[in-house]
Each structure stands twice: as C-alpha cells, then as structure tokens.
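Written below as structure tokens is the structure these notes are about.
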Amino acid sequence: MKNGSPVTLGGSADFSLSPTLRQLSIDLFDRLRETSLDGVGVSRETYGASETAAFELIEHYARDFDLDVEWDSARNLIVRLPGTDPSQASVATGSHLDSVPEGGNFDGAAGVVAGLAALIDARERGTPLRSMQLYALRGEESAWFGGPCYFGSRALFGALKPEDFASPHRNGRKTLEDSMRESGADIDLLKRGDAILDPTRLACWFELHIEQGPVLIAREKPVGLVTGIRGNVRHRHVYCHGEAAHSGAVPRWLRHDAVLAMSDLLVRIDEHWRVLLEWGEDLVVTAGVVETNPAEHAVSRVPGEVTFALEYRSQDPKTLESFGALVQSECDQIGAKRGVQFDLGPQSFTESATMSPPLIGLLESICATHDVAHEVMPSGAGHDSSVFANAGVPSAMVFVRNDKGSHNPHEAMDFEDFFLATQILSEAMWHAANEQEDYRS
Ligand SMILES: [Zn+2]
C-alpha cells in the first residue's frame, strides 16, 4: 500500500466516539489533573511518585474494563487486548505520562487516554486478529534530569546509555538511577542494555499527541498527520571573542565588537534559512540564549565577548549537516572580517525520524472517508515515536489541535477535537489489527 492509496474501512457509520468513551476520557483527564496539581499547573515527575500515581490510575481503569495489564522492567505500563492469533505481531499505541514541572494536563496524557479508549472501543467491536497494546511510557520529558529524555521508550529497545543513569535530578539530590530504583525498575537489566521488547513483535505503532505549535489553530483544522519528527543540533555555548574597548574613544574601524559579530552571524543564518525554505527544505533555527559577561559588561564598553545558544532542527539529517557547514563557514568569514573568533563549542545531536508512508496513507484514508479536515505536517517537537521509528517499528502520529502552546498550564485542547482524533486512532488500530498488511515493506 502506498501513501494516500485507498483503504477499505469498516467501523461505525457515524464515526463518533461513543458517549461512554467520551465520559471515560473526561473523567480520566480530571483524575489525572487531581493527582498531579502543583498549585500552578500539573507536575508529573519523571520516575517520581506523581508519575507513578498517574500510571496506577491508568492501570485501575484498564483493569475495570477487563483489559490485561503488565509492568515491564523499566516500569512502563502495558495494557493489552489479546488477539485471536498470538503469533502475529501486535498493533501498539501509547505516549508518556510525565509532564514538565508546572506543565499542562494533556501533553503525553492525551495519547495514553486515547489509547485506552481505542482498546475499549476495539473490544466492543469484537476480538481482533492481532493483539492490541497500549504503552504508557515513563520519562519522556527532558526537564527533570538535565537534558536526556525518552527514558521509558529507549529502555524498551535496550538503548539507555551509562551516562543516562547518572543524570542529576533538577533538585540536585539524586540521580535518574535513584529515581528508577525507587519506582521498582530493574536497573541491572537496563544497564546491561538488554532489550525489553523485540521491535519485530510490533506490526506498527501509533501515537496521538497534542500539537505543541500553532499550525492547526492557524489552519483551522482539528487534526494533524505527522510526516516526520525533526532531529536537532544544539550548541549550548557558542562563544564569540572580540576585544573590549572604550565606547567613546575607539572608532568603528578599530573595533572588534563581539555582539555586532554575533548579530551579523544571526542575520546571515536567518537569510540562509529563508533561502533553504524557498528550496523546500525543512528547517527551524533558534538562538534562545544570549549573554554578555555581567562581570564586565557596561553601557560604555564595546563588548569583548558574548556567549549564545544555537539550535537548528530538521526532518532531514542531510539538511542539518549542510546547515552546520554553512554556520561554520559564516563564523570563519565574519571572524576574518571583524577580527573576532567564534568557538561553536560542543554540539549535541538528536536523530530525526521518518513516519511510515503506508501508515500515513491509512490515516489519510480514514480522514477522507469520514470527511475530517486534516493537515499533513512535520513535528517540530520530539516524541517517543521517534524512538519506535528509529528502532524499525513503522510509526505514525496523530496531532490534536491545541491552543496556547504546551509545556505550560494553559494548554487548551478542545474535547471535541480529542474525541475525533481518538476515533481516527481507534479506526486505524482496528484496521491494522485485522489486516495482514506488512507496514515494513
Ligand atoms: Zn509530549
């Protein structure tokens, strides 16, 4: 099956989530919020008690609906609806249950609530051929342990690194290993790098998630289908070294102004970005931190040094590579012209991920059949789905329109949009669980 080719679909004729599942979703979001209120927003701490409480809530609801429940060695929670043929690879969905500190209630949790609703919906339809699974995943957010993220999903594929375990908690009093141990994870197994899950045992993976940008609101569409997840290159401390000088006494031609050199660089980078977009490349660029040295900066001093952060993201690793070369070449040229030196410092790299064209095709067919306005779009934010896709599991994501951004308490997802996206997820999973399609081909 090719992207966009027609798929024969079954399912309910009116294509709306049942009243029972609507109420269940609203109740679950309410209970999740109650268990994790922090006075400002919600805080579900990676491998902390508040995250575990959310997991136990999902477990409780899953058991109430007679679904099988299992905790894996990384303390991810797996909810299962067994299929008639256990030899077949399963169809899976899921997302994370942690949040950033003082975050919103829908980031991550929406995918878990939707997944549970999809499994209950499937059981109402009958018994699928393939087993259907929901993964509630641990620790997706980077906010709690100083940068690294996707702990639960990477643990599934034996991809945690030794340095992950030593990551310090933001309170400075413990490490990720301490928190994992407290929540009952099998640290020895995880440290050996043993995979918990064989990726070939998953026929495909779906993740529903709120959109964390403004595109669906701007386009007035309730649902997005994700083509890929942008990888990124980050230089946290770019240093530009010029020469400090008296702002009144030194003329322009004798200056080596570090701030003007940085500004020159950022303007040139912005122009390259504009041109690359015109060529159809996918790219976003941000200099999110800029600082002169407070110990010596002054209104009357030509700045001799400036540090700044530079991050660029793209779905295409080749774009990241060629943009990196452009940045370096501009640093060299501006350095020569202005008599300054740029040092890009250490860089970190996060892999991009491509979503499965046949699965995007399946989702598009469902949207077309049921007349759902949708946007096909990249994901600028990282998600657990990138870990599944890069482990070789055919993956797809459904975005739900969401106002006021994410990683803040003001996330504003309309429940009607969520019900619609959940119905699309449920339909896609039911289809994939009853067909023999090999989404790997
Ligand atoms: Zn998320």
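All residue numbers for the sequence shown refer to this note's numbering, where the first residue is 507 and numbers rise by one.
Where a beta carbon is used, it is the ideal one built from N, C-alpha and C, also for glycine.
What you are looking at is a predicted structure, and each value in this text was computed from that prediction instead of being measured.
| message | Just to confirm the assignment: which complete beta strand (DSSP E) runs, minimum length 3, are found wholly within the segment 599 to 669? | response | 638 to 643
| Where does Ser-524 fall in DSSP's three states? | As a first step, residue 524 must be located in the sequence shown, where it is residue number 18. DSSP, read as helix, strand or coil, puts Ser-524 in coil.
| field | Length of the line joining the Cα atoms of Asp-700 and Ser-947 | value | Walking along the sequence shown from the start, residue 700 turns up at place 194. Walking along the sequence shown from the start, residue 947 turns up at place 441. Cα to Cα, the separation comes out at about 27 Å.
| Would DSSP call His-803 helix, strand or coil? | Sequence index remark: in the sequence shown, residue 803 carries index 297 (1-based). DSSP places His-803 in coil when its eight states are reduced to three.
| message | Does the distance between the C-beta of Gly-614 and the nearest non-hydrogen atom of ligand 1 fall short of 7 Å? | response | Residue numbering aside, residue 614 sits at position 108 when the sequence shown is read from its first letter. For ligand 1, at least one heavy atom lies less than 7 Å from the Cβ of Gly-614.
| Residues in its own chain within less than 7 Å of His-880 by CB, not counting five upstream and five downstream? | For the purposes of this step, residue 880 is taken as the residue at position 374 of the sequence shown. Correct list, in chain order: Lys-727, Val-729, Gly-730, Leu-731 and Cys-873.
| request: Look at the Cβ atom of Ala-764, then the Cβ atom of Val-846, and state whether they are nearer than 8 Å. | output: As a first step, residue 764 must be located in the sequence shown, where it is residue number 258. As a first step, residue 846 must be located in the sequence shown, where it is residue number 340. Going by C-beta atoms, Ala-764 is nearer than 8 Å to Val-846.
| task | Could you tell me the boundaries of the beta strand (DSSP E) in which Asp-849 lies? | result | As a first step, residue 849 is located in the sequence shown; it is residue number 343 there, counting from the start. Note, Asp-849: beta strand (DSSP E), 847 to 849.
| task | Determine the DSSP secondary structure at Ile-991, reduced to helix, strand or coil. | result | Missing from the structure shown is residue 991; the chain here goes from 507 to 947 and no further.
| task | Take Arg-742 and list the residues in its own chain whose beta-carbon comes closer than 6 Å to its own, dropping the five residues that flank it on each side. | result | The sequence position of residue 742 within the sequence shown is 236, counting from 1. Hits under 6 Å: Ala-815.
| Distance between beta carbons of Glu-717 and Val-906, contact taken as under 8 Å | Here residue 906 refers to the residue found at position 400 when the sequence shown is read from its first residue. Here residue 717 refers to the residue found at position 211 when the sequence shown is read from its first residue. Val-906 to Glu-717, Cβ: 7 Å. Contact.
| Is there contact here, the segment 638 to 656 with the segment 595 to 604, by at least three beta-carbon pairs under 8 Å? | yes
| task | Below 8 Å on the Cβ atoms is my guess for Gly-737 versus Ser-820; work out the distance and round it to an integer in Å. | result | By one-based count along the sequence shown, residue 737 stands at place 231. By one-based count along the sequence shown, residue 820 stands at place 314. The distance from the Cβ of Gly-737 to that of Ser-820 is about 7 Å, consistent with a contact at the 8 Å cut-off.
| message | Tell me the DSSP secondary structure of Gly-867 in three-state form. | response | Translated into positions along the sequence shown, residue 867 becomes position 361. DSSP, reduced to helix, strand and coil, places Gly-867 within a helical segment of the structure shown.
| message | Between which two residues does the beta strand (DSSP E) holding Val-721 run? | response | Numbered from 1 along the sequence shown, position 215 holds the residue referred to as residue 721. Unbroken run through Val-721 is the alpha helix (DSSP H), 721 to 725; no beta strand (DSSP E).
| field | Inter-residue spacing [alpha-carbon to alpha-carbon] between Glu-713 and Val-739 | value | For the purposes of this step, residue 713 is taken as residue 207 along the sequence shown, with counting starting at 1. For the purposes of this step, residue 739 is taken as residue 233 along the sequence shown, with counting starting at 1. Each residue's Cα considered, the two are about 24 Å apart.
| Among Ala-767, Ser-593 and Phe-894, which one has its Cα closest to the Cα of Thr-813? | Along the sequence shown, one-based indexing puts residue 813 at 307. Of the listed residues, the one whose Cα sits closest to Thr-813 is Ala-767.
| request: Could you tell me if Trp-936 is buried or exposed, where buried requires 16 or more neighbouring beta carbons within 10 angstroms of its beta carbon? | output: Translated into the one-based positions of the sequence shown, residue 936 becomes position 430. Per the 10 Å Cβ criterion, buried.
| message | For a test of your reading of the model: does the CB of His-916 fall under 7 Å from any non-hydrogen atom of ligand 1? Yes or no. | response | Here residue 916 is taken as the residue at index 410 of the sequence shown, counted from 1. The answer is no for His-916.
| When DSSP builds the beta bridges, which residues end up paired with Asp-472? | In the structure as shown, the chain starts at 507 and stops at 947, and residue 472 therefore has no counterpart that could be examined.
| Ser-862 beta carbon less than 8 Å from that of Ser-901 | In the sequence shown, counting from the first residue as 1, residue 901 sits at position 395. In the sequence shown, counting from the first residue as 1, residue 862 sits at position 356. Against a cut-off of 8 Å, the Cβ pair of Ser-862 and Ser-901 comes out as a contact.
| query | Just how far apart, CA to CA, sit Tyr-818 and Asp-591? | reply | As a position in the sequence shown, residue 818 is number 312, starting the count at 1. As a position in the sequence shown, residue 591 is number 85, starting the count at 1. Distance between the alpha carbons of Tyr-818 and Asp-591 is about 45 Å.
| query | Would Phe-855 be called buried (16 or more neighbouring beta carbons within 10 Å of its own) or exposed? | reply | On the sequence shown, residue 855 is found 349 positions in, with the first residue counted as 1. Phe-855 is exposed by the Cβ-count criterion.
| Cβ-Cβ distance between Val-904 and Ile-866 below 8 Å | For the purposes of this step, residue 904 is identified with residue 398 of the sequence shown, where counting begins at 1. For the purposes of this step, residue 866 is identified with residue 360 of the sequence shown, where counting begins at 1. Not in contact: Val-904 and Ile-866 (Cβ atoms no closer than 8 Å).
| query | Residue range of the beta strand (DSSP E) that Ala-711 falls in? | reply | Here residue 711 refers to the residue found at position 205 when the sequence shown is read from its first residue. Reading off the sequence, residue 711 comes out as Trp, not Ala. Trp-711 -> beta strand (DSSP E) spans 708 to 716.
| Cβ neighbours of Thr-633 in the same chain (closer than 6 Å, five flanking residues each side left out) | Taking the first residue of the sequence shown as position 1, residue 633 is located at position 127. Answer for Thr-633: Thr-590, listed in chain order.
| field | Coil, strand or helix - Ser-511 by DSSP | value | If you number the sequence shown from 1, residue 511 lands on position 5. Because Ser-511 carries a pLDDT of 46, less than 50, the predicted location of this residue cannot be relied on, and no value is offered for it.
| query | Which term fits Pro-654, buried or exposed, when burial requires 16 or more other beta carbons within 10 angstroms of its beta carbon? | reply | Numbered from its first residue, the sequence shown carries residue 654 at position 148. Under this definition Pro-654 is a buried residue.
| task | Pull up the distance between the alpha-carbon of Leu-789 and that of Leu-868, whole angstroms please. | result | Position 283 of the sequence shown, counting from 1, holds the residue named residue 789. Position 362 of the sequence shown, counting from 1, holds the residue named residue 868. Leu-789 and Leu-868 have their C-alpha atoms roughly 27 Å apart.
| How about Val-808 and Val-744: do their beta carbons lie closer than 8 Å? | Mapped onto the sequence shown, residue 808 falls at position 302. Mapped onto the sequence shown, residue 744 falls at position 238. No. Outside cutoff.
| Reference Val-882, options Asp-890, Ser-871, His-889 and Gly-888, closest by Cα | Along the sequence shown, one-based indexing puts residue 882 at 376. That would be Ser-871, whose Cα lies nearest to the Cα of Val-882.
| request: Pull up the CB-CB distance for Asp-604 and Glu-646, whole angstroms please, since I reckon it's below 8 Å. | output: To locate residue 604, count along the sequence shown from 1; it is residue 98. To locate residue 646, count along the sequence shown from 1; it is residue 140. Indeed they touch by this definition, with Cβ atoms about 6 Å apart.
| Hey, would you say the C-beta of His-602 is under 7 Å away from at least one heavy atom of ligand 1? | Locating residue 602 in the sequence shown gives position 96, where the first residue counts as 1. Yes.
| request: Pull up the distance between the alpha-carbon of His-675 and that of Arg-644, whole angstroms please. | output: Residue numbering aside, residue 675 sits at position 169 when the sequence shown is read from its first letter. Residue numbering aside, residue 644 sits at position 138 when the sequence shown is read from its first letter. So the two alpha carbons sit approximately 15 Å from each other.
| query | Once you ignore the five residues that flank Ser-518 on each side, which residues in its own chain have a CB closer than 7 Å to its CB? | reply | For this step, residue 518 is matched to residue 12 along the sequence shown. Note that Ser-518 scores 46 on pLDDT, short of 50, meaning its location in the model is unreliable and no value can be drawn from it.
| query | Using 8 Å as the limit for Cβ to Cβ distance, is Asp-700 near chain C? | reply | Within the model displayed, chain C is absent; a lone protein chain is all it includes.
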